[in-house]
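Trainee: Line by line, the protein sequences are chains V and L. Using our numbering, the first residue of the first sequence is number 1, and each one after it goes up by one. Using our numbering, the first residue of the second sequence is number 310, and each one after it goes up by one.
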Amino acid sequence: MAAIAEKIRGRRSRFEFVFDRPRVLGSAFLAPAILYVLMLVGIPFLLAVYYALSAYTIYHPSYHFVGLRNFIAMVQSEIFRRALLNTFIFTIGSQILGLVLGKFGALLLLRPFPGRKFVRALVILPWAVPIALATVAWEWMFDSLFSVINWVLVAVGLVSRATEPQWLGDPQLAMLCVIIVNAWRFFPFAIVIFLAGITAVPQDVLDAATVDGAGFWRRNYQVILPMILPIVVVGLIFGTVFTFTDLSVVYLLTMGGPVNATQVLGNLGFQIGILSGDVAHGAAVSLFMFPVLFVLVILMLRFIRRREI
Amino acid sequence: MPRIINAAVKEGSFCVALAFFVVLAAFPFYWMLITAFKTNTDLYNVDNIPFWFSQPPTLEHFRYLFDQTLFGRWLLNSLMIGLCVVAITLATAVPAGYALTRLTGANAEALGIGIFLTYLVPPTLLFLPLSRIISWLGLENSMWSLVLVYPTFTIPFCTWLLMGFFKAVPREIEEAAIVDGCSLFGSFVKMVLPLSLPAILTIVIFTFTLTLQEFVYALTFISASAQKPITLGVATDLVRGDIYYWGELMAGALIASVPVAIAYNLFLDRFIAGITGGAVK
Chain V
1 MAAIAEKIRG RRSRFEFVFD RPRVLGSAFL APAILYVLML VGIPFLLAVY YALSAYTIYH
61 PSYHFVGLRN FIAMVQSEIF RRALLNTFIF TIGSQILGLV LGKFGALLLL RPFPGRKFVR
121 ALVILPWAVP IALATVAWEW MFDSLFSVIN WVLVAVGLVS RATEPQWLGD PQLAMLCVII
181 VNAWRFFPFA IVIFLAGITA VPQDVLDAAT VDGAGFWRRN YQVILPMILP IVVVGLIFGT
241 VFTFTDLSVV YLLTMGGPVN ATQVLGNLGF QIGILSGDVA HGAAVSLFMF PVLFVLVILM
301 LRFIRRREI
Chain L
310 MPRIINAAVK EGSFCVALAF FVVLAAFPFY WMLITAFKTN TDLYNVDNIP FWFSQPPTLE
370 HFRYLFDQTL FGRWLLNSLM IGLCVVAITL ATAVPAGYAL TRLTGANAEA LGIGIFLTYL
430 VPPTLLFLPL SRIISWLGLE NSMWSLVLVY PTFTIPFCTW LLMGFFKAVP REIEEAAIVD
490 GCSLFGSFVK MVLPLSLPAI LTIVIFTFTL TLQEFVYALT FISASAQKPI TLGVATDLVR
550 GDIYYWGELM AGALIASVPV AIAYNLFLDR FIAGITGGAV K
């Protein structure tokens, strides 16, 4: 008997009583996650600010303070201004296209029909599959010699072999391609967000609206849309943040070309900071994204709290 | 009679619209699939109809991929990176998610949202300082650099998802365990964790797919072929000079995409529940 009592006393050490206080255990549980994120997101961010204000390159790692000179040099650079404008065109274009496709897709998938699960699985693919791999597939579809899109256009008779479009070689078309690929990547996410929102609208609200004489359009735009708006905005902010700062689509599809026609901030920062090793200017380019991100995050905060569904 | 025609037109346009979406979403993958199995002479002949095989399908691209390239190595690298990141994420995000739902007081929600917002800090803002840190640590050109860096986005993301899941566990269960003599920590390990196994499985799958989808950090930190994860290896290493080996490229992309696509579809509903139900409810 005594042995059992001893065993139990031995097992319940002093620490366990300390950890029985929710505050203490809570802090101990939170600490690893918060420390990890602070070390590898917080510190690098401060470091990025510091680099942008210095003359640091990987060949001359000097911390000589140069103030805002890097930023001014960037604003004066033709390529940077082009990239800034392109980033906005790229982001806004692909988000609008993605949202429109998402809304219509959600309306279609809302209706029950045989094989709906399978169709949904197919439609989700662009969002699920690693974007770098999907982009490589698109690159093949836009190929200068064996483009399947051009094959169809020729077969239908819209263009001839001699005048077929060079999708990634023409400045305007290249921009269009980059936007399409990015919208293609995000529209399943938009569908999913719309679907989640619409199915969460309580049926009695809809019934009440119908009884009060609201038709299809009125129900859609004056009852459902306001109710799902917060979650749609959260989804949109997600998409915007990841499009605005992305480089993988541009890097793989066009490398920013032809002649910087599709250059975006993410890719420019990569080229200057990593490929050329000019960390200071590269960090300055990256930090130009920060004000936009900051506004988006504030918006996100407001909507995430207002959410009802 | 006009009513029947009306209904038929409506059905028809519904089917056409649906077909449009399916083709739009799935065609690039069909194209991947068919390219991967075509012979080269079939691929590079514009007179053939490209949508089907003009010559019998072949496995030559797959054979080349495994025999002549580092594809097998990349698969293993990705598996290794994924498993390590999953372990780190579970060890940090599960306790953190639980602490934020149950153990911390009034400012838990603010803290939770704060952690979640770090998920929105993009790689392109951090890759320069991180690449310096990686080189100070001597992890340049090593896949371990990715093991170190990937948790910076998987931890915030999974903590957020887990907060939603833990809220669904009834508090009474833990209270009953504590009344019966369990410690606070014991109630978490013995009651909450077993009840949350489906949620934890979701976290494992999503962490793994996030590591497979990542491209920017991998591109920045790793240029040695043998250390590349699969996404990076396929996208950058199968192009030699200016010549694209489309058959091999598509075969590689296909193999890497299939598991992610299946995992995503199986866990999509839980993922949506997590993303939309995190903090408030």
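Don't be surprised by glycine CBs; every beta carbon is placed ideally from N, CA and C. All of these numbers come straight from a predicted model, not from anything done at the bench.
When you compare only the Cα positions, how much space is there between L/Leu502 and L/Ile564?
Mentor: Looking up residue 502 of chain L in the second sequence gives position 193. Looking up residue 564 of chain L in the second sequence gives position 255. Looking at the two C-alpha atoms, the distance is approximately 34 Å.
Trainee: Name the residues in the stretch 447 to 472 of chain L whose C-beta lies less than 8 Å from a C-beta of chain V; which are they?
Mentor: Leu457, Val458, Pro460, Thr461, Ile464, Pro465 and Thr468
Trainee: Fully enclosed by the stretch 520 to 561 of chain L, which alpha helix (DSSP H) runs are 4 residues long or longer?
Mentor: 525 to 530
Trainee: Just to confirm, are V/Arg185 and V/Ala121 a CB contact at a threshold of 9 Å?
Mentor: As a working note, residue 185 of chain V is residue 185 in the first sequence. As a working note, residue 121 of chain V is residue 121 in the first sequence. No, the Cβ-Cβ distance between V/Arg185 and V/Ala121 is not below 9 Å.
Trainee: Determine the closest residue to L/Leu575 out of V/Phe118, V/Trp138, V/Phe294 and V/Val233, with distance taken between C-alpha atoms.
Mentor: Numbered from 1 along the second sequence, position 266 holds the residue referred to as residue 575 of chain L. Nearest of V/Phe118, V/Trp138, V/Phe294 and V/Val233 to L/Leu575, Cα basis: V/Phe118.
Trainee: Please list, in chain order, the chain V residues whose beta carbon lies closer than 8 Å to that of L/Arg382.
Mentor: Your numbering for residue 382 of chain L matches position 73 in the second sequence. Result: empty, since nearest Cβ-Cβ is about 17 Å, beyond 8 Å.
Trainee: Measuring from the CB of V/Pro226, is there a heavy atom of the ligand SAH at a distance below 8 Å?
Mentor: Inclusion of the ligand SAH in the displayed structure is not the case, the ligand content being empty and no account of it being possible.
Trainee: Have a look at the DSSP bridge pairing and note the partners of V/Ser54.
Mentor: Residue 54 of chain V sits at position 54 when you count from the first residue of the first sequence. Answer is V/Phe65.
Trainee: Distance, Cα to Cα, V/Ala284 vs V/Ala83?
Mentor: Along the first sequence, one-based indexing puts residue 284 of chain V at 284. Along the first sequence, one-based indexing puts residue 83 of chain V at 83. When rounded, the distance between both Cα atoms is 13 Å.
Trainee: In chain order, what residues of the same chain have a beta carbon less than 6 Å from the beta carbon of V/Ala52, not counting five sequence neighbours either side?
Mentor: Translated into positions along the first sequence, residue 52 of chain V becomes position 52. Cβ neighbours of V/Ala52 beyond the five flanking positions: Asn70, Ala283, Ala284 and Leu287.
Trainee: If you reduce the DSSP assignment to three classes, tell me which class V/Trp184 lands in.
Mentor: In the first sequence, counting from the first residue as 1, residue 184 of chain V sits at position 184. DSSP, read as helix, strand or coil, puts V/Trp184 in helix.
Trainee: To the nearest angstrom, how far is the alpha carbon of V/Leu176 from that of V/Gly105?
Mentor: Locating residue 176 of chain V in the first sequence gives position 176, counting from the first residue. Locating residue 105 of chain V in the first sequence gives position 105, counting from the first residue. Each residue's Cα considered, the two are about 21 Å apart.
Trainee: Only counting the same chain, and skipping five residues up and downstream in sequence, which positions put a Cβ closer than 8 Å to that of V/Gln95?
Mentor: Here the question's residue 95 of chain V lines up with position 95 in the first sequence. Closer than 8 Å at Cβ, skipping near neighbours: Ala183, Phe186, Leu236, Gly239, Thr240 and Thr243.
Trainee: Quick one: complete beta strand (DSSP E) runs, 3+ long, within the stretch 356 to 416 of chain L?
Mentor: Fully enclosed beta strand (DSSP E) runs of 3 or longer: not present.
Trainee: Thinking C-beta only, is L/Ser387 closer than 9 Å to L/Thr520?
Mentor: On the second sequence, position 211 is the one that residue 520 of chain L refers to. On the second sequence, position 78 is the one that residue 387 of chain L refers to. Contact flag set, yes.
Trainee: Would you mind working out which of L/Leu399, L/Ser496 and L/Ala477 sits nearest L/Ala486, comparing C-alpha positions?
Mentor: Position 177 of the second sequence holds residue 486 of chain L. Comparing Cα positions, the closest option is L/Ser496.
Trainee: Tell me the rounded alpha-carbon separation between V/Asp172 and V/Leu97.
Mentor: Here the question's residue 172 of chain V lines up with position 172 in the first sequence. Here the question's residue 97 of chain V lines up with position 97 in the first sequence. Position check: residue 172 of chain V holds Gln in this sequence, whereas Asp was assumed. One C-alpha to the other measures close to 17 Å.
Trainee: Between the Cα of L/Tyr573 and those of V/Glu164, V/Phe189 and V/Ala31, spot the shortest distance and give me the residue it belongs to.
Mentor: In the second sequence, counting from the first residue as 1, residue 573 of chain L sits at position 264. Here the closest residue by C-alpha is V/Phe189.
Trainee: Less than 9 Å between the beta carbons of V/Asp278 and V/Thr87, yes or no?
Mentor: Start at 1 with the first residue of the first sequence, and residue 278 of chain V comes out as number 278. Start at 1 with the first residue of the first sequence, and residue 87 of chain V comes out as number 87. No, they are not a contact pair.
Trainee: Which value, in whole angstroms, describes the spacing of the CA atoms of L/Pro365 and L/Phe466?
Mentor: To locate residue 365 of chain L, count along the second sequence from 1; it is residue 56. To locate residue 466 of chain L, count along the second sequence from 1; it is residue 157. Cα to Cα, L/Pro365 sits roughly 46 Å from L/Phe466.
Trainee: When you compare the stretch 471 to 482 of chain L with the stretch 404 to 411 of chain L, are there three or more beta-carbon pairs, one atom per stretch, that lie closer than 8 Å?
Mentor: Judged by Cβ distances under 8 Å, the stretch 471 to 482 of chain L makes contact with the stretch 404 to 411 of chain L, as three or more pairs qualify.
Trainee: Are the Cβ atoms of V/Leu268 and V/Gly257 separated by less than 9 Å?
Mentor: Counting from one through the first sequence, the residue named residue 268 of chain V turns up at place 268. Counting from one through the first sequence, the residue named residue 257 of chain V turns up at place 257. No, the Cβ-Cβ distance between V/Leu268 and V/Gly257 is not below 9 Å.
Trainee: How many whole angstroms separate the CB atoms of V/Phe146 and L/Tyr353, which I take to be in contact at a CB cut-off of 8 Å?
Mentor: Taking the first sequence and counting its residues from 1, the one referred to as residue 146 of chain V is at position 146. Taking the second sequence and counting its residues from 1, the one referred to as residue 353 of chain L is at position 44. Rounded, the Cβ-Cβ distance is 6 Å, consistent with contact.
Trainee: Where does the unbroken alpha helix (DSSP H) through V/Ser318 begin, and where does it stop?
Mentor: Not covered by the structure: residue 318 of chain V. The range shown for chain V is 1 to 309.
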